[in-house]
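Residue numbers (UniProt numbering), protein chains in the order written: chain A, 1 to 288; chain B, 1 to 223. Below is one structure; the comments refer to it alone.
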Amino acid sequence: LQTRAPRKKKKAKMFRNQYDTDVTTWSPTGRLFQVEYAMEAVKQGSAAIGLRSRSHVVLACVNKAQSELSSHQKKIFKVDDHIGVAIAGLTADGRVLSRYMRSEAINHSFTYESPLPVGRLVVHLADKAQVCTQRSWKRPYGVGLLVGGLDESGAHLYYNCPSGNYFEYQAFAIGSRSQAAKTYLERRFESFGDSSREDLIKDAILAVRETLQGETLKSSLCTVSVLGVGEPFHFLDQETIQKVIDTFEKVAEDEEGEAGEGDAEAAAAPAEQGGGGAGDQDVAPMEM
Amino acid sequence: MTKQHANWSPYDNNGGTCVAIAGSDYCVIAADTRMSTGYSILTRDYSKIHKLADKAVLSSSGFQADVKALQKVLKSRHLVYQHQHNKQMSCPAMAQLLSNTLYFKRFFPYYAFNVLGGLDEQGKGCVFTYDAVGSYEKVGYSAQGSGSTLIMPFLDNQLKSPSPLLLPAQDAITPLSEPEAVDLVKTVFASATERDIYTGDKLEIMILKADGIRTEVMELRKD
């Protein structure tokens, strides 16, 4: 029997265990539990946040190290000059998928002499993830990906699930304590479209701060990357991040009180922790 | 029964000449800009020099369609390298990659005669010269293409360095200064243009140094 990490929502019975051994086994209520468990893995990883304006996309993540002695895992990857990806969950799976995405981008560039449109990339990724939900000898990827990119149709931010689904967002957060960041983003997302690059970065770092739940925000704790019109994907250096932190550190007390405990889901920024509740009758998360 | 021969060739020669000279802290890569086919000129303004990495510049004469394909492959492979190593390829690394890429098509070669120029890890100029299937050598200077037979003997006369096979290992760097090397390149191209019909129109010179790349263009005879 596999051990599962404790979840906030109630489970009525241990009934579902009969149908959760195989990814190719349906439950009587039409759920694939292995896929749902894979989505749980995403929630265990440290937070990753993405936001976009009309011209820029910012990806930020929390640097969580295994111990004080070790370095932190790389969670944001450059896919191409115009696409970056932030991951949460099994980082090994994320690394492998990043390599796949890079290869897709390079191959597209080679064949068409033009940058791979982000929407195409996420579909490839989603189809790749879906395969793992329909083979008895495979397991779903245990990683959620926030894919941010710029193409002819503008700036985009997508979220790819282990289920093979993907959604486009104005702003989103995944991983542990991401609800706090989402609450922050839900309040502010309507203004992101017209945000300046600097404001977008500031909002990203503020969102990261929300997930830290009181821990002092330092530039060493987070990684931030930017891409946009005329600006290829790159990481911001510690100095730049620290400067942004310094501009709002004083306002810290105000924000802290509102740090997310709310389960409220806004219509425009759909939460991936949906489908909660009592029994097996509920909508499975991956059906969203 | 005589063997059937193809009534078309997959290759064409677009002519042109490429030269590179390595200095102590610079590298000069030059090529003419004429592209021809048979006895006709296709264009007088085609660049045969292509930057592969910050410190590695490739110049190729031969069949330009193959050259273009080769450049694309190298560019993609370089991107993969950058993703994996978080840095650009050094010139010696690119030299090996180019050799491997050419040999990969040993039985249907890229009709490309390459000269790779750049700066090595110590910042010294380096030039690598190739045949069509990837055999390569680090040298102090080289010429490839239709005018190479006219240029190479003169470069040997001016720049001859001891054999790289001798011990102790000698550097292949020319003692020339950068302006002297650029001047030498202009001289050899002017001469080659006189007698080689496939060389002419314009000369494009790229000078690679630690702080960046500079480009110069010189007019050549157009006949």
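Glycine included, C-beta positions come from ideal geometry on N, C-alpha and C. Bear in mind that the values here come from a model prediction, so they are computed numbers and not experimental data.
Can you tell me the Cα-Cα spacing of residue i and residue j, whole angstroms?
i: Lys75/B; j: Ser142/B; result: 23 Å
i: Pro153/B; j: Trp8/B; result: 35 Å
i: Ser163/B; j: Gly145/B; result: 23 Å
i: Ile151/B; j: Glu204/B; result: 16 Å
i: Asp203/A; j: Arg31/A; result: 37 Å
i: Ala31/B; j: Ala6/B; result: 33 Å
i: Asp237/A; j: Ser225/A; result: 9 Å
i: Ser177/B; j: Gln158/B; result: 13 Å
i: Val85/A; j: Ser195/A; result: 21 Å
i: Met218/B; j: Val182/B; result: 11 Å
i: Ala171/A; j: Gly193/A; result: 10 Å
i: Asp156/B; j: Phe128/B; result: 16 Å
i: Gly230/A; j: Pro10/B; result: 41 Å
i: Gly140/B; j: Ser191/A; result: 60 Å
i: Ser24/B; j: Glu68/A; result: 46 Å
i: Asp151/A; j: Ile241/A; result: 26 Å
i: Tyr136/B; j: Leu102/B; result: 10 Å
i: residue 240/B; j: Arg195/B; result: The structure shown does not extend to residue 240/B, since chain B spans only 1 to 223, so no value can be given for it.
i: Leu98/B; j: Gly214/A; result: 54 Å
i: Lys202/B; j: Ile29/B; result: 14 Å
i: Leu217/A; j: Ala65/A; result: 15 Å
i: residue 229/B; j: Leu42/B; result: This structure cannot settle anything about residue 229/B, because the visible part of chain B is limited to 1 through 223.
Tell me, which residues are paired with residue i by DSSP?
i: Phe113/B; result: Ser61/B
i: Gly151/A; result: Checking the sequence, you will find Asp at residue 151/A rather than Gly. Per DSSP, Gly154/A.
i: Asp32/B; result: Leu203/B
i: Val62/A; result: Cys222/A
i: Ala88/A; result: Gly144/A
i: Arg52/A; result: Val57/A
i: Met218/B; result: Leu203/B
i: Tyr100/A; result: Per DSSP, none; premise fails for Tyr100/A.
Mind listing the chain A neighbours of residue i? Cutoff is C-beta to C-beta under 9 Å, in chain order.
i: Ser76/B; result: Ile106, Asn107, Ser109, Phe110
Find the residues of chain B that neighbour residue i, judging by a C-beta separation of less than 7 Å, and give them in chain order.
i: residue 291/A; result: Because chain A here runs from 1 to 288, residue 291/A falls outside it and cannot be looked at.
Can you find the residues in the same chain that come closer than 8 Å, C-beta to C-beta, to residue i, ignoring five residues on each side of it along the sequence?
i: Arg142/A; result: It is worth fixing the name first, because residue 142/A is Gly in this sequence and not Arg. Excluding sequence neighbours, Gly142/A sits near Ala38, Ala41, Val42, Gly89, Leu90, Asp93, Pro162.
i: Ala47/A; result: Cys61, Val62, Ala88, Ala173, Ile174, Gly175, Ser176, Arg177, Ser178, Ala181, Val208, Thr211
i: Glu239/A; result: Ser219
i: Ser153/A; result: Pro117, Gly119
Among residues of its own chain, excluding the 5 on either side of residue i, which ones have a beta-carbon nearer than 6 Å to its beta-carbon?
i: Leu184/B; result: none
i: Leu116/A; result: Ala105, His108
i: Met89/B; result: Ala53, His78, Tyr81
i: Tyr158/A; result: Val122, Val147, Tyr166, Glu168
Along chain A, which residues have their Cβ under 8 Å away from the Cβ of residue i?
i: Val80/B; result: Arg102, Ser103, Ile106
Note down, in chain order, each residue of its chain lying with its Cβ closer than 7 Å to the Cβ of residue i, except the 5 sequence neighbours on either side.
i: Thr133/A; result: Val23, Leu32, Val35, Pro140, Ser163, Gly164
i: Ala126/A; result: Asn160, Gly164, Asn165, Tyr166
Identify the contact partners of residue i in chain A, using a Cβ-Cβ distance below 7 Å as the criterion.
i: Lys72/B; result: Phe110
query: Using 8 Å as the threshold, is the stretch 103-116 of chain B in touch with the stretch 66-84 of chain B, meaning 3 or more CB pairs across them?
result: Between the stretch 103-116 of chain B and the stretch 66-84 of chain B, the count of Cβ pairs shorter than 8 Å is three or higher; the stretches touch.
- prompt: For the stretch 118-126 of chain B against the stretch 50-61 of chain B, are there 3 or more C-beta pairs whose distance is under 8 Å?
  reply: With contact defined as three or more Cβ pairs closer than 8 Å, the stretch 118-126 of chain B and the stretch 50-61 of chain B are in contact.
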